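Protein chains in written order, with our numbering: chain G, 447 to 756; chain R, 7 to 282.
For each residue, glycine too, the CB sits at the ideal point set by N, CA and C.
Since the model is a prediction, treat every value here as computed from it, not as a measurement.
One structure is given here, and the rest of the page talks about it.
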């Protein structure tokens, strides 16, 4: 009784402070981010073209984007993202699991240097990454083609970015390069939380280092994989800079927006193209919610799977 | 003796594999740096694996193209945006973690829920809103909204819970310490590791941002580094070798920052989960 009264008195005494401390974040978040999200939904209900009046047209835009017979692009971006993740994630996660076997070894020193080096690509400005890869994988002048020719692996240049699957592989390769370092960071941080006794017990039971790593790291790896898959997928939907620059201005000339047959078109690229290039703000806004729907559905099912297993 | 030898082999294999991957990871950086030092006319004639003689002429062309204006513009945005993100996140996180007030639980749930919203959901209306604010062609759209960093507040609140000892706060309060002094002089030092980590992430995010500035900044004199790099070739006909040198220089501040503060940085990326 006494205790609650003093805390109540304390609470009353410092009442204004916590609200004032919270205010900068909550006010800016609500005024800018949250308001914009809500108002985007409203714009989706109009035929706004960016300049004139916003005329209410009901749910036309929201219905139209799921009519894949007339506009298949939303479905295409969904498939593209799935394919891209299917191509890049197993490789990136595989590399990270393999490298962490050596990184978690107690006998190796200075391992943090490697972790830092692996992470560097993730820091590079995505615009510069897209430009660099458009040069590396260029048809006539690309570094990769030159290296393959010099090694005698190929006789003629490969038109990497000119075919649907070629550009998917290039973009997947770019993603692996840019993101396996962060998987290494998350995985090694999760592995360092495994108690030493567990590892020693496995050794005493006669398990070799590979066997021990596999059995102790599997449960850890599962959690990290779920996390990486969810964040990677959400990032994949919203990816914009690198795929745009990849096709915009290679030395052999520009390619179509989103690559040949829109094979590398992402959801964010579609939204940008509709709203800010074609000036269909209403439809672009509706597409934003199409993207949100996929993100939400995907996160929800992944989290469901995660909690079920535990 | 045999055991020692085995350990040595193990070590060599370990370092060998790790180094091999590190070298492959750095190879594109290396090629980029090398290409920026060659004369444009010969850039694509053959494979360049070693540095050329054209670094200074290329740099000169880069300066003439107004590149360092973009550089200064990027800093003008990134520095205040980073400071404001850190301040609002530290204050909000501290209040949510260390005060017991009406609505705290609701606000915590609010933060947790909004953490899952994709940031680009509101882009279309955001551009409309910036027009209403008359903020087109200004830097405000990247500085003021930066304070609404959900990840920052969430993480700082988690961090503040364990990092700031209650006893020190209580004894300061007994001594009649005011709320502002309490935050800046007593709480802030405990939050500093997380604040630095968040600041680094915020800086990189703002520095690399292309999508937002592309929608808001129309005057070339206001361009940031990413827009500058993207438009250099198509609009302003800057040569490839010069442009590639620009890409290298754009990446440099981030690499230096990361190398100098990697411990904090890694903590920011993994949300403080990393121990070793």
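Short CB-CB distance (under 8 angstroms) between residue i and chain R
i	result
residue 468/G	yes
residue 752/G	no
residue 747/G	no
residue 666/G	no
residue 604/G	no
residue 741/G	yes
residue 448/G	In this prediction, residue 448/G has a pLDDT of 43, which is less than 50 and means its spatial position is unreliable; what the coordinates show is noted afterwards. With 8 angstroms as the cut-off, residue 448/G does not count as an interface residue toward chain R.
residue 737/G	yes
residue 714/G	yes
residue 722/G	yes
residue 734/G	yes
residue 531/G	no
residue 545/G	yes
residue 583/G	no
residue 524/G	no
residue 607/G	no
residue 709/G	no
residue 463/G	yes
residue 635/G	yes
residue 618/G	no
residue 528/G	no
residue 539/G	no
Closer than 8 angstroms to chain G by CB, residue i
i	result
residue 89/R	no
residue 17/R	yes
residue 192/R	no
residue 42/R	no
residue 229/R	no
residue 199/R	no
residue 280/R	Low confidence applies here, because residue 280/R scores a pLDDT of 43, under 50, leaving its location unreliable; read the following figure in that light. Residue 280/R counts as touching chain G.
residue 214/R	yes
residue 257/R	yes
residue 37/R	yes
residue 264/R	yes
residue 272/R	yes
residue 268/R	yes
Amino acids of chain G, ordered along the chain, whose beta-carbon sits closer than 8 angstroms to that of residue i
i	result
residue 260/R	569, 570 and 571
Residue i: contacting residues in chain R (beta-carbon distance under 8 angstroms)
i	result
residue 727/G	130 and 134
residue 552/G	Here the premise fails: no neighbours, minimum Cβ distance about 10 angstroms.
residue 730/G	130
residue 564/G	27, 28 and 31
residue 485/G	128, 131, 134 and 135
residue 628/G	275
residue 680/G	124
residue 600/G	Ordered by position in chain R, no residue passes the 8 angstroms Cβ test against residue 600/G, which lies about 14 angstroms from the chain.
Residue environment, residue i, which counts as buried when at least 16 other CB atoms sit within 10 Å
i	result
residue 13/R	exposed
residue 770/G	Since the first and last residues shown for chain G are 447 and 756, residue 770/G lies out of range.
residue 540/G	exposed
residue 168/R	exposed
residue 282/R	Only weak support exists for where residue 282/R lies, its pLDDT of 32 falling under 50; the coordinates are left without a value.
residue 720/G	buried
residue 557/G	buried
residue 580/G	buried
residue 687/G	buried
residue 507/G	buried
residue 642/G	exposed
residue 155/R	buried
residue 109/R	exposed
residue 25/R	exposed
Proximal residues of chain B, C-beta to C-beta of residue i below 7 angstroms
i	result
residue 534/G	Within the model displayed, chain B is absent; protein chains G and R are what it includes.
Residues bridged to residue i [DSSP beta-bridge criterion]
i	result
residue 492/G	502/G
residue 696/G	699/G
Within chain G, partners of residue i - CB distance below 7 angstroms
i	result
residue 150/R	474
residue 154/R	471, 474, 475, 478 and 479
Interface residues of chain G facing residue i [CB-CB closer than 9 angstroms]
i	result
residue 97/R	466, 467, 468, 469, 470 and 471
Proximity test, residue i beta-carbon vs the ligand GTP heavy atom, cut-off 7 angstroms
i	result
residue 58/R	In the structure shown, the ligand GTP is absent, as is every other ligand, since no ligand is present at all.
Contacts that residue i makes with chain R (C-beta to C-beta distance below 7 angstroms)
i	result
residue 795/G	In this structure chain G extends from 447 to 756, so residue 795/G is not present and cannot be described.
residue 482/G	128, 131, 132 and 135
For the region 646-678 of chain G, which residues have a beta carbon sitting closer than 7 angstroms to at least one beta carbon of chain R? none
Residues in the region 103-124 of chain R with C-beta within 9 angstroms of chain G's C-beta atoms, listed in sequence order? 104, 105, 106, 107, 108, 109, 110, 113, 116, 117, 120, 122, 123 and 124
If contact means a Cβ-Cβ distance below 9 angstroms, which residues of the region 684-697 of chain G contact chain R? 684, 686, 687, 690, 691, 694, 695 and 697
Tell me which residues of the region 585-597 of chain G have at least one Cβ-Cβ distance to chain R shorter than 8 angstroms, keeping chain order. 586, 587, 589, 592, 593 and 596
At a Cβ cut of 8 angstroms, what residues of the region 175-191 of chain R count as close to chain G, listed as they run along the chain? 185 and 189
The region 57-83 of chain R: which residues have C-beta closer than 9 angstroms to a C-beta of chain G, in chain order? none
Cβ-based contacts, 7 angstroms cut-off: residues of the region 493-504 of chain G near chain R: none
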